[in-house]
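Enquirer: In terms of full-length UniProt numbering, the sequence shown is residues 1 to 144. The beta carbon of each residue, even a glycine, is placed where N, CA and C say it ideally should be.
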Amino acid sequence: MKSLLIFSLCFFLISCNKNKTEIKKPSFLIGNWKRLNDKPGSQTYENWNADYTGMGYTKKETKTTFKETLSIVSINDTLHLKVEGVNEKPTLFKFTNQTDTSFVCENPKNEFPKKITYFKDGKQLKAIVAADDFRIDFLFEKGN
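1. Within the same chain, show all residues whose beta-carbon is closer than 8 Å to that of Leu5, passing over the 5 residues directly before and after it, in chain order.
2. Give the straight-line distance between the Cα atoms of Thr117 and Lys142, rounded to the nearest whole angstrom.
3. What would DSSP say about Phe93, mapped onto helix, strand or coil?
4. If we call anything under 8 Å between Cβ atoms a contact, is Glu84 one with Phe93?
5. For Pro40 and Gly54, what's the separation of their Cα atoms in angstroms?
6. Report back the beta-carbon spacing between Ile72 and Pro26 to the nearest angstrom; my notes put them in contact at under 8 Å.
7. Short of 6 Å in beta carbon distance, which residues of its chain neighbour Phe95, apart from the five on each side in sequence? Order them along the chain.
8. Alpha carbon to alpha carbon, how far is Glu22 from Ser8? Give it in angstroms, no decimals.
9. Which residues bound the beta strand (DSSP E) around Ala131?
10. Between which residues of its own chain and Asn32 is the CB-CB distance below 6 Å, once the five residues before and five after are set aside?
11. With C-beta atoms as the reference, is Thr58 less than 8 Å away from Thr69?
12. Check this for me: beta carbons of Leu36 and Phe119, under 8 Å apart or not?
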């Protein structure tokens with residue numbers, strides 16, 4: 001009887017200890033990216049580190065005209081793209097779709113953008129920021 005109780009207790013503990021599936025972050029982002037379809041006179045970059053933190057910035061000649069801090073964070077087992085430096089508070093975009101070479105994240109309460117899409121296309125990284133009837137397309141190539 002005692003053996004049955006110990007066996008049952010062990011079985012119960014093992015069955016309750018479900019292994020959480022590890023959330024797979026978008027490794028295709030890692031690296032230094034240079035925008036190919038910038039406005040004349042400007043150059044935009046996105047740099048992503050192995051810890052999924054990064055920075056996006058635009059330069060016009062030697063002056064930085066735009067800068068944002070980016071990170072992929074997990075909140076309640078769901079990935080989010082966190083953007084800081086644009087608004088007073090950080091803006092979170094919840095991942096709504098993800099593959100090995102792409103992801104879509106959304107924040108319908110944000111004025112612009114409401115939806116951000118990243119996808120790897122061969123050796124290029126493409127990003128689309130969009131809201132309602134307006135969108136901006138980014139085409140990046142990997143730099144050094």
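Expert: The answer reads as follows:
1. For the purposes of this step, residue 5 is taken as the residue at position 5 of the sequence shown. Model confidence at Leu5 stands at a pLDDT of 39, short of 50, so the residue's coordinates are unreliable; what they give is reported in the following sentence. For Leu5, where only same-chain residues beyond five positions count, there are no Cβ hits under 8 Å.
2. If you number the sequence shown from 1, residue 117 lands on position 117. If you number the sequence shown from 1, residue 142 lands on position 142. Going by the C-alpha atoms only, they are around 18 Å apart.
3. Within the sequence shown, numbered from 1, the residue matching residue 93 stands at position 93. In this structure, DSSP gives Phe93 an extended state, which the three-state scheme calls strand.
4. For the purposes of this step, residue 84 is taken as residue 84 along the sequence shown, with counting starting at 1. For the purposes of this step, residue 93 is taken as residue 93 along the sequence shown, with counting starting at 1. Not a contact, by the Cβ cut-off of 8 Å.
5. As a position in the sequence shown, residue 40 is number 40, starting the count at 1. As a position in the sequence shown, residue 54 is number 54, starting the count at 1. Cα-Cα distance, rounded: 24 Å.
6. Counting from 1 along the sequence shown, the entry for residue 72 is found at position 72. Counting from 1 along the sequence shown, the entry for residue 26 is found at position 26. Contact flag correct, Cβ pair sits at about 7 Å.
7. Along the sequence shown, one-based indexing puts residue 95 at 95. Within the same chain, Phe95 has close Cβ partners Leu79, Phe103 and Cys105.
8. Residue numbering aside, residue 8 sits at position 8 when the sequence shown is read from its first letter. Residue numbering aside, residue 22 sits at position 22 when the sequence shown is read from its first letter. The pLDDT assigned to Ser8 is 44, lower than 50, so where the model puts this residue is not dependable; a value taken from the coordinates is nonetheless given after this. Roughly 28 Å separates the two Cα atoms.
9. Within the sequence shown, numbered from 1, the residue matching residue 131 stands at position 131. Residues Gln124 to Ala131.
10. Walking along the sequence shown from the start, residue 32 turns up at place 32. Excluding residues within five positions, the ones whose Cβ falls inside 6 Å are Asn47 and Gly143.
11. If you number the sequence shown from 1, residue 58 lands on position 58. If you number the sequence shown from 1, residue 69 lands on position 69. Result no, Cβ atoms of Thr58 and Thr69 do not sit closer than 8 Å.
12. The residue you call residue 36 lines up with position 36 of the sequence shown. The residue you call residue 119 lines up with position 119 of the sequence shown. No; because the gap between Cβ atoms is not below 8 Å, this pair is not in contact.
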